[in-house]
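In my numbering, the protein residues as written are 32 to 99. We treat Cβ as the ideally placed atom computed from N, Cα and C, and that holds for glycine. A quick write-up on the structure given underneath.
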Amino acid sequence: MRPRNQGFLVLGFTYSVLLTSLATFCWLHDNKSLLHYWCVLLLCPATLWLWALISWCDSEMFGSSKDE
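Below, the structure is given as structure tokens:
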């Protein structure tokens, strides 16, 4: 699979997780006890994705540096 297609897949998955999270937050807005648990569960993928993005950026930046 080409890198461009992989990028579109990752972007589509990211947006689907984001839209699902927002829809669930709106749906559970009145039930405070369930909203607390759903916040924790739905923020885990976003946190892992952010961690992976930061790690990838670091590897891209420091991978091209040369020892002198």
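What distance in whole Å lies between the Cβ atoms of L59 and L65, which are believed to be in contact at a cut-off of 8 Å?
5 Å
Among the residues of its own chain, which have a CB less than 7 Å from the CB of P76, if the five just before and after it don't count?
V48
For the alpha helix (DSSP H) containing N36, list its first residue and its last residue.
P34 to W58
Could you tell me the distance, in whole angstroms, from the CA atom of F39 to the CA atom of S52?
20 Å
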